[in-house]
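Heads up: the sequence shown begins at 399 in the working numbering, then just goes up one per residue. What follows is a single structure, written as structure tokens, with notes after it.
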Amino acid sequence: MLHPTTWVTWTIVVAVASMLTRNPLYLIILLAAVAINYLSASQRRPEARGWSTLLRIAGGLTILIVPFNALNVHAGSHILFRLPSTWPLIGGNITLEAVVWGACSALGLLTLIALFATFNLQVNQAQILRLTPAFIYEAGLIVSIALTFVPQMMISAREIREAQLIRGHRIRRPRDMRPFLMALLTTGLERSFQLAESLEARGFGNVRALPQRRDLLYKGLTLLGLAGLLSSFFALTYFAAFKWPAWAGIVLSALLLLGVFWAQGKRVLRTHYRPARRTWRDGPVLAVSLLVAIALIAVRLQDTSALEYYPYTQLLPPFHPWLGIILLTLIAPAFCQDAQRQRNRVFVKNPVSERQAPGENP
Numbered sequence: 399m400l401h402p403t404t405w406v407t408w409t410i411v412v413a414v415a416s417m418l419t420r421n422p423l424y425l426i427i428l429l430a431a432v433a434i435n436y437l438s439a440s441q442r443r444p445e446a447r448g449w450s451t452l453l454r455i456a457g458g459l460t461i462l463i464v465p466f467n468a469l470n471v472h473a474g475s476h477i478l479f480r481l482p483s484t485w486p487l488i489g490g491n492i493t494l495e496a497v498v499w500g501a502c503s504a505l506g507l508l509t510l511i512a513l514f515a516t517f518n519l520q521v522n523q524a525q526i527l528r529l530t531p532a533f534i535y536e537a538g539l540i541v542s543i544a545l546t547f548v549p550q551m552m553i554s555a556r557e558i559r560e561a562q563l564i565r566g567h568r569i570r571r572p573r574d575m576r577p578f579l580m581a582l583l584t585t586g587l588e589r590s591f592q593l594a595e596s597l598e599a600r601g602f603g604n605v606r607a608l609p610q611r612r613d614l615l616y617k618g619l620t621l622l623g624l625a626g627l628l629s630s631f632f633a634l635t636y637f638a639a640f641k642w643p644a645w646a647g648i649v650l651s652a653l654l655l656l657g658v659f660w661a662q663g664k665r666v667l668r669t670h671y672r673p674a675r676r677t678w679r680d681g682p683v684l685a686v687s688l689l690v691a692i693a694l695i696a697v698r699l700q701d702t703s704a705l706e707y708y709p710y711t712q713l714l715p716p717f718h719p720w721l722g723i724i725l726l727t728l729i730a731p732a733f734c735q736d737a738q739r740q741r742n743r744v745f746v747k748n749p750v751s752e753r754q755a756p757g758e759n760p
């Protein structure tokens with residue numbers, strides 16, 4: 399099983415790559431890499447079922463981007479057909495360029511949604527909390543709850559719907575949705591109360607008390623760092639002669655704030671029952687992520703047009719084989735999973751098959 403920081407690094411690199419380009423060829427490669435890593439996770443867990451439902455819904459919604467863009471943008475030289483000009487907003491030429499641009503936008507959005515679904519399947523909520531720095535542990539809890547809210551709601555909705563179908567409940571009109579929505583709301587409230595009780599029982603928010611002088615010192619250093627950042631950015635924006643002193647002030651102020659935050663994070667009492675360990679399998683994934691990051695930086699610095707694509711000026715997207723091969727290496731996590739993933743799968747035992755035959759010795 400890969401280390402959580404390895405998955406975070408890989409996710410950041412893929413997300414940045416998918417946002418830097420609208421080239422459909424590169425986006426297809428990124429989506430294929432994400433899909434392979436998504437399928438490498440166990441699909442028999444309840445979380446996987448929730449994310450699969452969400453991905454199907456997201457796929458249907460992203461497809462709507464294509465006709466929306468085609469009906470609202472009438473630029474382009476390749477005219478597919480023409481709507482009456484008297485129709486408001488959508489009247490005019492429906493061009494191939496508008497359809498292609500809408501498809502590229504939908505492909506990029508679907509890649510990001512599938513990426514975060516893959517990240518949530520490969521890294522559980524507890525591991526996300528452990529990755530959060532101690533001084534912003536509240537923000538880490540909020541992020542972990544937000545990431546798991548929709549999949550858990552999908553799982554609850556499916557379970558409620560199955561229970562209602564067993565009882566003979568059918569949805570034929572909007573009024574029939576009331577029992578389903580009430581049960582879904584009640585389930586969400588119960589889960590919220592259980593989470594609050596669990597946090598209270600585990601001492602969430604328990605920090606060491608600080609002497610008053612040290613507390614005032616931390617507050618003063620925080621204000622000093624923020625003031626240094628603000629003044630340095632102001633000098634960098636309005637005074638070109640102070641460019642390098644402004645950058646030095648930004649770096650020093652950022653280091654000061656990080657030091658204060660690290661010192662404040664030591665007050666938080668945290669317990670790790672089973673700390674995650676790195677293995678040799680993390681090395682290839684980190685190397686691939688670093689390689690892709692270096693390639694993206696080099697492309698942005700030397701040839702910005704390599705990642706850009708605008709169908710209204712050139713319909714056929716440019717493609718560099720070497721860049722496509724580098725992006726294809728992002729499938730590496732799927733081949734670096736160990737056999738330990740098999741232990742995390744959920745198997746439902748059949749009590750009938752385990753029942754002893756008559757007269758059989760225990």
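Glycine is no exception: its CB is placed at the ideal position from the N, C-alpha and C atoms.
| query | result |
| --- | --- |
| With DSSP as the reference, label GLY490 as helix, strand or coil. | strand |
| In three-state terms, what does DSSP make of ARG480? | strand |
| Are the CB atoms of ILE724 and VAL690 nearer to each other than 7 Å? | yes |
| Fully enclosed by the region 519-564, which beta strand (DSSP E) runs are 3 residues long or longer? | none |
| So, do the region 581-592 and the region 554-563 have three or more beta carbon pairs nearer to each other than 8 Å? | yes |
| Specify whether the region 450-468 and the region 488-505 touch according to this definition: at least 3 beta carbon pairs, one from each stretch, less than 8 Å apart. | yes |
| Tell me which same chain residues have a C-beta within less than 8 Å of the C-beta of GLY458, skipping the five on either side of it? | none |
| How many angstroms separate the CA atom of ASP574 from the CA atom of LEU587? | 21 Å |
| Please classify THR460: does DSSP put it in a helix, a strand, or coil? | helix |
| Count the C-beta pairs between the region 606-620 and the region 589-597 that are closer than 8 Å, then say yes if the count reaches three, no if not. | no |
| Note down the Cα distance separating TRP408 from HIS567, rounded to an integer number of angstroms. | 45 Å |
| When the distance is taken between beta carbons, is LEU494 closer than 7 Å to LEU763? | Because residue 763 is not part of the residues shown, which for the chain are 399 to 760, the question remains open. |
| Going by C-alpha distance, which of GLY623, GLY601, GLY647 and GLN610 is nearest PHE659? | GLY623 |
| Nearest to GLN562 by alpha carbon, out of ARG576, LEU634 and PRO549? | ARG576 |
| Enumerate in chain order the residues of its own chain whose CB-to-CB distance from VAL498 is below 6 Å, with the five nearest sequence positions on each side excluded. | PRO709 |
| Counting along the chain, where does the alpha helix (DSSP H) carrying GLU595 start and finish? | 576-599 |
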